[in-house]
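Notes to accompany the following structure.
2 protein chains.
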Amino acid sequence: MDDDTATEILEATYRALCQHGYAALTVKDIAVEADQSKALIHYYYDSKENLFREFLDFLYERYTARILAVNGRTPRQALDSLLDTVLTERRPTPGANFRTALLEIKAQAPYNDAFRTQLAKFDTVLFDRLREIISAGIETGEFDSAVEPAVAAQFLVTAITGAHARHVATDRSIDQFSEAITRYVETHFRAETPAGATR
Amino acid sequence: MDDDTATEILEATYRALCQHGYAALTVKDIAVEADQSKALIHYYYDSKENLFREFLDFLYERYTARILAVNGRTPRQALDSLLDTVLTERRPTPGANFRTALLEIKAQAPYNDAFRTQLAKFDTVLFDRLREIISAGIETGEFDSAVEPAVAAQFLVTAITGAHARHVATDRSIDQFSEAITRYVETHFRAETPAGATR
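In the order they appear, the protein sequences are chains L and U.
Under the UniProt record's numbering, the residue at position 128 of the first sequence is numbered 128, and the numbers go up by one with no gaps.
Under the UniProt record's numbering, the residue at position 83 of the second sequence is numbered 83, and the numbers go up by one with no gaps.
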């Protein structure tokens, strides 16, 4: 299999998905976006569902790379940077449409075992990274030792997921939802006397 | 218009939606569930979309009634009871399927102005009730006066929405997500010296 063509098809799937949404998306739309024939798409991926399984793997790899690349001089900065990464509307129009498409895929998860398994992996990679950063912050004394990393990380993943869903469902800016999340972190994570603080 | 028949159709829509999901649902499925003819459904509601607008109004009224009926001897009890109402899987199978269908509808919101407007109303009624209870708790001294009702309510609506979405997308029990929310409230809302506490 020609890896470049396969990747091009997945890139085209991303663009076509942002444009058409998941429910209305056809293999033909992807072919048009990829400037390839429908037959070629079918040659690489034998069904829309199979293509989407590969597509979710492809997204998962990019997502994991983004999440793991997040860093900062301190755990606090790493946490801010991670929240910024997952909560900012980076590319206003396509990004917003991508969130919509992802919510459509999430809503299909109960009907599709493969989607559900793959979506759970996105959920886990964010949870793990958050827990890791929170633990590191408690170790350096930057975060309050009363914060329980697993509970706080679980709560943050839930709130981040909710911010995306509310943004899609109500068309309100994600900023006000992310602000409440940032305020929670600022108010409840910061240690009273930051032992490891450098400022 | 015969209101009883109209209500029966909406009740049947609820059951058919839990069974088939939103994307796959047809007026015929609703007719079967209502034990009525497709023609009658069309007589009352001229399209699936129009039926769904009415259906969302119908759900909104029931939701509002449930949210406003929540009470407790103290604001703290009212808050627990409200979280319990919105986070518990009351009727395991149909309830879970209903959440899935609602997430499908949310994912359609960007393509449908009427859905978006109606979904924003569900969001607002929960936010308003939470803010009201939190304000009352600060007034009685049961909640920490450092808690800002609007920020905390915004954060809770976001987390509750996220708990539903993660539950649908990952098939994990909603309990672990609600536990993190309950822990947040327990840890961060309780006043150090509850002036109004009766126990």
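All C-beta atoms, glycine included, are put in the ideal place defined by N, C-alpha and C.
Helix, strand or coil at residue i according to DSSP, with G and I counted as helix
i      : result
L/R190 : strand
U/L184 : The sequence shown places Tyr at residue 184 of chain U, not Leu. Here U/Y184 sits in helix by DSSP.
L/A24  : coil
U/T88  : coil
U/G196 : Caution is warranted here: a pLDDT of 44 is assigned to U/G196, below 50, making its placement in the model unreliable, and no coordinate value can be reported.
Neighbourhood of residue i by C-beta, 7 Å cutoff - its chain only, sequence neighbours within 5 removed
i                      : result
U/K121                 : Y60
U/A114                 : R53
L/A101                 : L17, C18, G21 and Y22
residue 286 of chain L : There is simply no residue 286 of chain L to check, as chain L begins at 1 and stops at 199 in what is shown.
U/A163                 : L87, I174, F177, S178 and I181
U/E104                 : G21, Y22 and A23
U/A169                 : none
L/G196                 : Annotation note: pLDDT 44 at L/G196 (below 50); position unreliable, no value reported.
Classification of residue i by the beta-carbon crowding that lies within 10 angstroms, buried from 16 upward
i                      : result
U/Y45                  : buried
U/S178                 : buried
L/A107                 : buried
U/R166                 : buried
L/R62                  : exposed
U/R66                  : exposed
U/A146                 : exposed
U/L51                  : buried
L/E33                  : buried
U/Y184                 : buried
U/A69                  : exposed
U/A191                 : buried
U/A39                  : exposed
L/T7                   : exposed
U/T161                 : buried
U/T124                 : exposed
residue 210 of chain L : Absent from the structure is residue 210 of chain L, since the part of chain L shown begins at 1 and ends at 199.
Beta-carbon neighbours of residue i, restricted to chain U and to distances below 7 Å
i      : result
L/A159 : F155, T158, A159 and G162
L/Y184 : F155
L/E104 : A107
L/V151 : A180 and R183
Contact set between residue i and chain L, taken where Cβ atoms lie within less than 8 Å
i      : result
U/D171 : A109, P110, R116 and A120
U/A165 : L103, K106, T161, G162, H164 and A165
U/I181 : F155 and T158
U/G168 : According to the sequence provided, residue 168 of chain U is Val. The question's Gly does not apply to it. In chain order: K106, A107, A109 and P110.
Cβ shell of residue i (< 8 Å), same chain only, five flanking positions each side left out
i                      : result
U/G72                  : A78, L79, D80 and S81
residue 200 of chain U : Outside the displayed span of chain U (1 to 199) sits residue 200 of chain U, for which this structure offers no information.
Contact set between residue i and chain U, taken where Cβ atoms lie within less than 8 Å
i      : result
L/L56  : Under the 8 Å cutoff, chain U gives no residues; its nearest Cβ is about 12 Å from L/L56.
L/Q176 : Q154
L/D80  : The premise fails here: L/D80 is roughly 17 Å from chain U at the closest Cβ pair, so nothing lies under 8 Å.
Partner residues on chain L for residue i, Cβ-Cβ distance less than 9 Å
i      : result
U/K48  : The contacting residues do not exist; U/K48 stays about 14 Å from chain L at best.
U/D123 : R166, A169, T170 and R172
Own chain residues within Cβ distance below 6 Å of residue i, not counting five before or after
i                      : result
U/P149                 : R131, I134 and S135
L/L56                  : Q118
L/L10                  : F55 and F58
residue 207 of chain L : Within the shown structure, residues of chain L are numbered from 1 to 199, placing residue 207 of chain L beyond reach of any answer.
U/T198                 : Bear in mind that a pLDDT of 41 at U/T198, under 50, signals an unreliable position, so the number given afterwards is only what the model happens to contain. Within the same chain, U/T198 has no close Cβ partners at all.
Closer than 7 Å at the beta carbon, the chain L residues around residue i
i      : result
U/G21  : Y111
U/T85  : Here the premise fails: no neighbours, minimum Cβ distance about 17 Å.
U/T100 : A107 and P110
Per-residue contacts from residue i into chain U (C-beta, under 9 Å)
i      : result
L/H188 : Y184, T187 and H188
Residue i: CB within 8 Å of a non-hydrogen atom of the ligand GDP
i     : result
U/L82 : For the structure depicted, the ligand GDP is absent and the ligand set is empty, with no information on it obtainable.
Legend entry - Any beta strand (DSSP E) of 3 or more consecutive residues that is wholly inside the region 33 to 79 of chain L: none
Inset, instruction - Return the chain-ordered ranges of every alpha helix (DSSP H) run that is complete within the region 109 to 180 of chain L and spans a minimum of 4 residues. - result: 113 to 140 and 149 to 170
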